[in-house]
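The sequence shown begins at 1 in the UniProt record's numbering and counts up one residue at a time.
Note that beta-carbon positions come from the ideal geometry of N, C-alpha and C, so glycine has one too.
Have a look at the structure below, then the notes.
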Amino acid sequence: MALRRILPRLPSKSLMRFKCVRKSWYTLINNPTFVENHLSNSMHNKLSTCVLFSRFVQSDTNSDEKELAFSFLYLRNDYDDAEHNVNFVVEDIKFSLSSGRFIGLEDVESPSILGHCNGIVCLSPCSDNLVLCNPAIKEIKLLPKSGLPDWWGCAVGFGYDPKCKDYKVSRIASYQAEIDGLIPPPRVEIYTVSTDSWREIKNNSLETEATVFFPDYFQMYFQGICYWVGYEQPKQSMEYEDEEQKPMVIFFDTGDEIFHHILLPDSFYMYEEGSAYAYEMSYIMYTDLRIILWNGSIALFGINRFSALPESYGVWVLDDFDGANGSWTKHLTFDPLEGVKRVLEILKSDEILMVTEDGDIVSYNLATEKLKNLPMNSSSDFETIVYVNSLVSITGRHQA
């Protein structure tokens, strides 16, 4: 009994080694209930946060080969420290791309993280090739080719369906205006890990009689819902023109497979009298717009660069959200920091991960207004996510 209480609290890396100790341990660690308990412990671990850095690097043994490299940055908060210091541990793993299983990835400069959920990361070097990977257990998988015809534009989302207990990748393909001059609605296909295949779904929820909705930049998955920053556009538009696009949040219920949308806060739009929708270009007021989790609630984060006021970051929380409707409340603002190039991740409600103009990775505490240097440098192109360490398999052997 003690073993069953202790093992689910250990890191995935240790558990993968322990599977080799004895057959009973292998059976236990592969058990779906154990995988689920381990995932729950990782998700609710308040003592530390894991940030995953991904990038392509040259092989140490062969300069002509590339490897997909991940760095796990574990941040452990020392609550006894009045200065709010953070302790750091860094671990690195690499995947060789020379095996021939990942044709099309070898010539890409840097990977693109499209989404992540429960320790599984969805990567893409281009719109055609999609890869699922769980770096913690060193599993990687190239997904089958799309069944949709060639598209003009494409958005991708990734999340977990709690109803059928399966992981799903959603691909939303957009197409240019047809002969009659009307922009057609996107076509949507869903990949499920359990079947290892794509299927197209009806997507009437992405159009009205006069307009179409386009998920654009995938942001996050949370509690059965995938979120994009997207836009609405009249069907009679001849092209995908910015001045005719109304930005908004578009979200997808992974269980019901239905899309919904909600407008951004009013302060995000610059109104122009006489225009078709009383708005013009996307993100007039805010840039670096992203959807985040803030104290357990869905929120917007962005920087105001275009108003008469000085530049400032802002956070808006989505209140009374029932899965389809809600209202935005401005929660806080803070000024950009001198020498900071961009924000990487919101670690928690008072901690933000940033990269400086010199390439240094720093952590900024909103409460203490103190900046801490981390033992990493962005010497190459990379992407980051707040990562949940898990044993969840992309082969379907032990999902959670």
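Extent of the continuous beta strand (DSSP E) to which residue i belongs
{"i": "Ser112", "result": "112 to 117"}
{"i": "Phe222", "result": "211 to 222"}
{"i": "Lys235", "result": "That residue, Lys235, is in no beta strand (DSSP E); it is neither H nor E in DSSP."}
{"i": "Phe334", "result": "327 to 334"}
{"i": "Glu257", "result": "From DSSP, Glu257 is part of no beta strand (DSSP E); its letter is neither H nor E."}
{"i": "Arg199", "result": "197 to 201"}
{"i": "Asp360", "result": "360 to 365"}
{"i": "Leu123", "result": "120 to 124"}
{"i": "Val392", "result": "No beta strand (DSSP E) contains Val392, which DSSP labels as neither H nor E."}
{"i": "Ile137", "result": "Segment: none, Ile137 is in no beta strand (DSSP E) and carries neither H nor E."}
{"i": "Glu383", "result": "383 to 387"}
Proximity test, residue i beta-carbon vs the ligand ZN heavy atom, cut-off 8 Å
{"i": "Leu332", "result": "Looking for the ligand ZN in the displayed structure turns up nothing, as the structure carries no ligands at all."}
Sheet register partners of residue i (DSSP bridge)
{"i": "Ala173", "result": "Cys154, Arg187"}
{"i": "Ala299", "result": "Ile292, Val317"}
{"i": "Lys348", "result": "Glu351"}
{"i": "residue 464", "result": "In the structure as shown, the chain begins at 1 and stops at 400. Residue 464 is therefore absent and cannot be evaluated."}
{"i": "Gly159", "result": "Lys168"}
{"i": "Arg342", "result": "Val355"}
{"i": "Tyr74", "result": "Cys50, Val89"}
{"i": "Leu142", "result": "Val131"}
{"i": "Leu371", "result": "Tyr364"}
{"i": "residue 411", "result": "Nothing can be reported for residue 411: it is not among the residues displayed for the chain, which extend from 1 to 400."}
{"i": "Ile225", "result": "Phe222, Asp253"}
{"i": "Glu36", "result": "DSSP output for Glu36 lists no bridge partner at all."}
Host alpha helix (DSSP H) of residue i (start-end)
{"i": "Tyr26", "result": "23 to 30"}
{"i": "Ser12", "result": "12 to 18"}
Cβ neighbour criterion (16 or more within 10 Å) applied to residue i
{"i": "His44", "result": "exposed"}
{"i": "Pro135", "result": "buried"}
{"i": "Gln176", "result": "exposed"}
{"i": "Ser275", "result": "With a pLDDT of 48 at Ser275, under the threshold of 50, the modelled position of this residue cannot be trusted; read the value that follows with caution. So Ser275 ends up on the exposed side."}
{"i": "Arg9", "result": "exposed"}
{"i": "Pro247", "result": "buried"}
{"i": "Tyr217", "result": "exposed"}
{"i": "Asn389", "result": "buried"}
{"i": "Ala69", "result": "buried"}
{"i": "Thr254", "result": "buried"}
{"i": "Gly359", "result": "exposed"}
{"i": "Pro185", "result": "buried"}
{"i": "Ser174", "result": "buried"}
{"i": "Phe382", "result": "buried"}
{"i": "Asn373", "result": "exposed"}
{"i": "Ala155", "result": "buried"}
{"i": "Leu3", "result": "exposed"}
{"i": "residue 412", "result": "Nothing in the structure corresponds to residue 412, since the chain is present only between 1 and 400."}
{"i": "Ser26", "result": "Looking at the sequence itself, residue 26 is Tyr, so the reference to Ser does not match. Flag for Tyr26 reads exposed."}
{"i": "Ile6", "result": "exposed"}
{"i": "Val21", "result": "exposed"}
{"i": "Arg199", "result": "exposed"}
{"i": "Ser393", "result": "buried"}
{"i": "Glu351", "result": "buried"}
{"i": "Ile291", "result": "buried"}
Within 9 Å, strictly: CB atoms of residue i and residue j
{"i": "Leu73", "j": "His38", "result": "no"}
{"i": "Thr49", "j": "Leu347", "result": "yes"}
{"i": "Leu303", "j": "Tyr227", "result": "Per the sequence shown, residue 303 should be read as Ile rather than Leu. For Ile303 and Tyr227, no; Cβs fall outside 9 Å."}
{"i": "Leu148", "j": "Lys141", "result": "no"}
{"i": "Asn203", "j": "Ile262", "result": "no"}
{"i": "Val340", "j": "Val315", "result": "no"}
{"i": "Leu182", "j": "Gln233", "result": "no"}
{"i": "Phe158", "j": "Leu206", "result": "no"}
{"i": "Arg171", "j": "Ser197", "result": "no"}
{"i": "Leu264", "j": "Leu300", "result": "yes"}
{"i": "Phe222", "j": "Ile250", "result": "no"}
{"i": "Val386", "j": "Leu52", "result": "yes"}
{"i": "Glu345", "j": "Thr384", "result": "yes"}
{"i": "Trp328", "j": "Leu337", "result": "no"}
{"i": "Glu139", "j": "Thr395", "result": "yes"}
{"i": "Ser42", "j": "Gly119", "result": "yes"}
{"i": "Tyr191", "j": "Cys117", "result": "no"}
{"i": "Ser12", "j": "Leu391", "result": "yes"}
{"i": "Leu371", "j": "Leu332", "result": "no"}
Nearest-angstrom beta carbon gap, residue j and residue i [assumed within contact, 8 Å]
{"i": "Val343", "j": "Asp288", "result": "7 Å"}
{"i": "Glu67", "j": "Phe34", "result": "Wrong, their Cβ atoms sit about 31 Å apart, outside the cutoff."}
{"i": "Pro162", "j": "Gly224", "result": "5 Å"}
{"i": "Ser54", "j": "Met376", "result": "That belief does not hold up - the Cβ atoms of Ser54 and Met376 are roughly 13 Å apart, past 8 Å."}
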